[in-house]
(Lines of atoms letter the chains of each structure in order from A; the text may use other names.)
(Lines give C-alpha, C1' and ligand atoms only; values in the text may rest on other atoms or scores of the structure.)
Protein backbone atom coordinates (compact mmCIF):
# COMPACT_ATOMS: atom_id res chain seq x y z
CA UNK A 349 0.00 0.00 0.00
CA UNK A 350 2.82 2.43 0.81
CA UNK A 351 4.44 1.72 -2.56
CA UNK A 352 1.17 2.43 -4.39
CA UNK A 353 0.71 5.65 -2.40
CA UNK A 354 4.27 6.68 -3.26
CA UNK A 355 3.62 6.04 -6.96
CA UNK A 356 0.36 7.98 -6.79
CA UNK A 357 2.13 10.95 -5.19
CA UNK A 358 4.84 10.93 -7.86
CA UNK A 359 2.23 10.68 -10.62
CA UNK A 360 0.41 13.64 -9.07
CA UNK A 361 3.57 15.74 -9.37
CA UNK A 362 5.44 15.24 -6.08
CA UNK A 363 9.10 16.07 -6.70
CA UNK A 364 10.56 16.02 -3.20
CA UNK A 365 11.43 12.33 -3.17
CA UNK A 366 13.36 12.55 0.11
CA UNK A 367 10.38 13.98 1.99
CA UNK A 368 8.02 11.50 0.33
CA UNK A 369 10.19 8.53 1.30
CA UNK A 370 10.62 9.81 4.85
CA UNK A 371 6.85 10.09 5.21
CA UNK A 372 6.23 6.59 3.85
CA UNK A 373 8.96 5.08 6.03
CA UNK A 374 7.34 6.66 9.09
CA UNK A 375 3.96 5.28 7.98
CA UNK A 376 5.38 1.76 7.63
CA UNK A 377 7.23 1.92 10.95
CA UNK A 378 4.05 3.10 12.71
CA UNK A 379 2.30 0.01 11.29
CA UNK A 380 4.94 -2.25 12.86
CA UNK A 381 7.30 -2.80 9.92
CA UNK A 382 11.09 -2.74 10.26
CA UNK A 383 12.31 -1.21 7.01
CA UNK A 384 15.26 -2.70 5.19
CA UNK A 385 14.98 -0.21 2.32
CA UNK A 386 12.47 2.01 0.53
CA UNK A 387 13.98 3.72 -2.51
CA UNK A 388 13.02 5.49 -5.72
CA UNK A 389 15.54 4.64 -8.43
CA UNK A 390 16.14 5.06 -12.15
CA UNK A 391 14.35 2.08 -13.73
CA UNK A 392 17.15 1.37 -16.21
CA UNK A 393 20.30 1.73 -14.10
CA UNK A 394 18.88 1.44 -10.54
CA UNK A 395 20.98 4.47 -9.68
CA UNK A 396 19.52 7.23 -7.49
CA UNK A 397 17.01 9.25 -9.45
CA UNK A 398 15.84 12.83 -9.58
CA UNK A 399 12.47 14.40 -10.24
CA UNK A 400 13.49 14.83 -13.90
CA UNK A 401 13.67 11.07 -14.56
CA UNK A 402 10.55 9.78 -16.31
CA UNK A 403 11.16 6.06 -15.86
CA UNK A 404 11.51 5.12 -12.19
CA UNK A 405 11.07 2.09 -9.97
CA UNK A 406 10.03 2.12 -6.32
CA UNK A 407 11.82 -0.62 -4.41
CA UNK A 408 10.95 -1.80 -0.91
CA UNK A 409 11.91 -4.48 1.57
CA UNK A 410 10.68 -4.60 5.14
CA UNK A 411 10.27 -7.07 7.95
CA UNK A 412 6.99 -7.75 9.68
CA UNK A 413 7.99 -9.92 12.59
CA UNK A 414 10.40 -12.50 11.17
CA UNK A 415 8.95 -12.31 7.66
CA UNK A 416 10.78 -10.21 5.06
CA UNK A 417 8.48 -8.68 2.45
CA UNK A 418 9.89 -7.45 -0.86
CA UNK A 419 8.04 -5.47 -3.52
CA UNK A 420 8.68 -3.08 -6.39
CA UNK A 421 6.63 -0.95 -8.73
CA UNK A 422 7.70 0.44 -12.11
CA UNK A 423 6.39 3.90 -12.95
CA UNK A 424 6.68 5.87 -16.18
CA UNK A 425 5.72 9.49 -15.62
CA UNK A 426 4.25 11.62 -18.38
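Residue numbers (this note's numbering): 349 to 426.
Ideal Cβ placement from N, Cα and C applies to all residues, glycine included.
Quick caveat, the model's predicted, so the values are computed rather than measured.
One or two residues paired with residue i in a DSSP bridge
i, result
"residue 387", "407"
"residue 420", "407"
DSSP three-state assignment for residue i, whether helix, strand or coil
i, result
"residue 364", "coil"
"residue 412", "strand"
"residue 382", "strand"
Nonlocal neighbours in the same chain, by C-beta distance under 7 Å from residue i, ignoring five residues either side
i, result
"residue 424", "402 and 403"
"residue 362", "368"
"residue 410", "376, 381, 382, 383, 384 and 417"
Nonlocal neighbours in the same chain, by C-beta distance under 6 Å from residue i, ignoring five residues either side
i, result
"residue 351", "406, 408, 419 and 421"
Next item on the list: Please confirm if the segment 390-400 is in contact with the segment 412-420, defined as three or more CB-CB distances below 8 Å between the two stretches.
Entry: no
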